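Peer 1: In my numbering, the protein residues as written are 45 to 402. By construction, the Cβ of each residue, glycine as well, lies at the ideal position given by its N, Cα and C atoms. These numbers were taken from a predicted model, which means no experiment stands behind them.
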């Protein structure tokens, strides 16, 4: 095991593969690992394997050489074609002759890919649920997860670098291209948005993470009365867009505009990057705002605060647990109609926003 890692000190890796197969926010929080690898070995090509639908989170990252995607729609092609797609991906990855593979994922699939690359150095996590010869065989080194329960997700990811003895980089990077901002500017202009604006993201793909529509509307009304222009955003899901429409119906039409479901993830990043402030719930855009250093008021509910609070945020996290009882995050029915954020008072959110805008 150690011989493969020791060889990297004398012969820096030419090609590195990082594997993470999770959701959009998880992908954004892998960027400190990518940044640290680039800092240690700036000449190395760093590739990433992810789920295809999350590609946009990393597509513009300046230190990524190439992205490979597993498309979960392959399963709809039938068994034969699905297996052909998987086999072609495995062969393509093996042909890259990676010096080092970093497996941040916990799926058996990621372990198989890691082993099949044939890389001499293959690092994964020593997950409790993966204690066994097969997981060990797929990796040449396993990084400890002993203190993960007390670490933010960013810190958990960075801990995989311990066997490499390279300096961590703690910055999360959300990247977009100039054309992304140009597209957003065009949309803003078409809606008559001029000058400074606040981005409001009331929705999450899980509605138990959302605040009551009336409370959000009351907050927006207070900000309208202060003279601010607000731009509302959401994902493309019909339920999220319906929530935006309900909020809009409760607000005065002055200085409020909706781009709900209209933007790509990179365009949304560009919008947030140019905003005066971001107000939103626990969601991917919240993590984007923190990464982009846009002043942020994050409304947080029953998710694990230690793991998922916005990393190194400029602004405030308003936790519903300070105003009422919250359930165990591991026992929540994600389909519940309960709105756990409703314990948060409107006046607390308005005061926090006004403080950031001083």
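(1) With distances taken Cα to Cα, identify the nearest neighbour of residue 349 among 253, 135 and 168.
(2) In the DSSP assignment, the beta strand (DSSP E) including residue 278 goes from what residue to what residue?
(3) Considering just the uninterrupted stretch of the alpha helix (DSSP H) at residue 154, what are its terminal residues?
(4) Which value, in whole angstroms, describes the spacing of the CA atoms of residue 264 and residue 386?
(5) Given residue 53, which residues of its chain have a CB within under 6 Å of its CB, disregarding the five upstream and five downstream residues?
(6) Could you compute how far the alpha carbon of residue 315 sits from the alpha carbon of residue 164?
(7) Can you tell me whether DSSP reads residue 400 as helix, strand or coil?
(8) What does the alpha-carbon distance come out to for the pair residue 185 and residue 167?
(9) Is residue 109 near residue 90, with beta carbons less than 7 Å apart?
(10) Straight-line CA distance for residue 361 to residue 132?
(11) Alpha carbons only, please: which of 134, 161 and 173 is nearest the one belonging to residue 151?
(12) Give every residue of the same chain whose Cβ lies closer than 6 Å to the Cβ of residue 338, excluding the five residues on either side of it in the sequence, and list them in chain order.
(13) Output yes or no for whether 7 Å exceeds the beta carbon distance between residue 58 and residue 188.
(14) Over the uninterrupted alpha helix (DSSP H) stretch that includes residue 177, give me the two end residues.
(15) For residue 186, write down the residues that DSSP places opposite it in a beta bridge.
(16) Across which residues does DSSP place residue 268 in a beta bridge pair?
(17) Could you give the C-beta distance for residue 268 and residue 306, rounded to a whole number, given that I count them as a contact under 8 Å?
(18) According to DSSP, residue 244 sits in a beta bridge with which residue or residues?
(19) On the premise that residue 157 lies in contact with residue 134, defined as a C-beta separation below 8 Å, what is that separation, rounded to the nearest angstrom?
(20) Per DSSP, what are the beta-bridge partners of residue 301 in this structure?
(21) Do residue 343 and residue 255 count as a contact pair if the criterion is CB distance below 7 Å?
(22) Can you give, in chain order, each stretch of the beta strand (DSSP E) that sits fully within the segment 98-154 and has at least 3 residues?
(23) Hey, out of 384, 244 and 239, whose CA is closest to residue 274's CA?
(24) Could you give the C-beta distance for residue 113 and residue 139, rounded to a whole number, given that I count them as a contact under 8 Å?
Peer 2: Here's the rundown:
(1) 253
(2) Run containing residue 278: none; DSSP gives neither H nor E here.
(3) 152-160
(4) 16 Å
(5) none
(6) 42 Å
(7) helix
(8) 5 Å
(9) yes
(10) 45 Å
(11) 173
(12) 316, 319 and 322
(13) no
(14) 177-182
(15) 168
(16) BP columns for residue 268 are empty, so no partner.
(17) Not really, about 21 Å apart at Cβ, beyond 8 Å.
(18) 276 and 323
(19) 7 Å
(20) 275
(21) yes
(22) 110-114 and 144-147
(23) 244
(24) So it is not a contact: roughly 17 Å between Cβ atoms.
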